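Peer 1: Numbering-wise, the working numbering puts 43 at position 43 of the sequence shown, and it's gapless, one number per residue. For glycine and all other residues, C-beta sits at the position ideal for the given N, C-alpha and C. In this text, all values refer to a predicted model and were calculated from it rather than measured experimentally. Before I ask anything, let me first share the structure, which is written out below as C-alpha cells.
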Amino acid sequence: MGINEAGKIITDTWQKLEKTYPYVVVDEYCLLPDHFHGILWIQELIPYGPGSKINLAGPGMIKIKPLGQLIGSFKTCSTKQINLMN
C-alpha cells in the first residue's frame, strides 16, 4: 500500500521543519494510517563555517520555540494543507 496525498503532505511538512527552524534536525519518522511518529532534535548551537558554531540561545539571537509549539506548528501546517485538498 502506498502513501496517499495526505500522507505526502504530512511527510513533506515534517521534512520542511529543518528549513523553517534552523535549530531543528528531523530524524526518523513513521507514517501510519491514522497517526504519525517522529523524532526531532532541538539544537542550541548550530554549525557555522569550519570550527565555529552559532549560539541560538544567547541574547539577541533566534528564540528557540518549545517542543510543544514546534509540534503544534507542524500539525497546523499539515492540517491546513490537507483541508485545502478536500
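Residues in its own chain within less than 8 angstroms of residue 8 by CB, not counting five upstream and five downstream?
Peer 2: Correct list: empty, nothing qualifies.
Peer 1: Excluding the 5 residues preceding and the 5 following residue 14 in the sequence, name in chain order all residues of the same chain whose CB lies nearer than 7 angstroms to its CB.
Peer 2: Closer than 7 angstroms at Cβ, skipping near neighbours: 26, 29, 38, 74.
Peer 1: Please state the DSSP three-state secondary structure of residue 12.
Peer 2: Residue 12 falls in the helix class under three-state DSSP.
Peer 1: What is the DSSP secondary structure of residue 2, reduced to helix, strand or coil?
Peer 2: DSSP places residue 2 in coil when its eight states are reduced to three.
Peer 1: Between which two residues does the beta strand (DSSP E) harbouring residue 40 extend?
Peer 2: Where residue 40 is concerned, the enclosing beta strand (DSSP E) stretches over 36-42.
Peer 1: Leaving out five residues on either side along the sequence, give the residues of the same chain with a beta carbon under 8 angstroms from the beta carbon of residue 35.
Peer 2: None.
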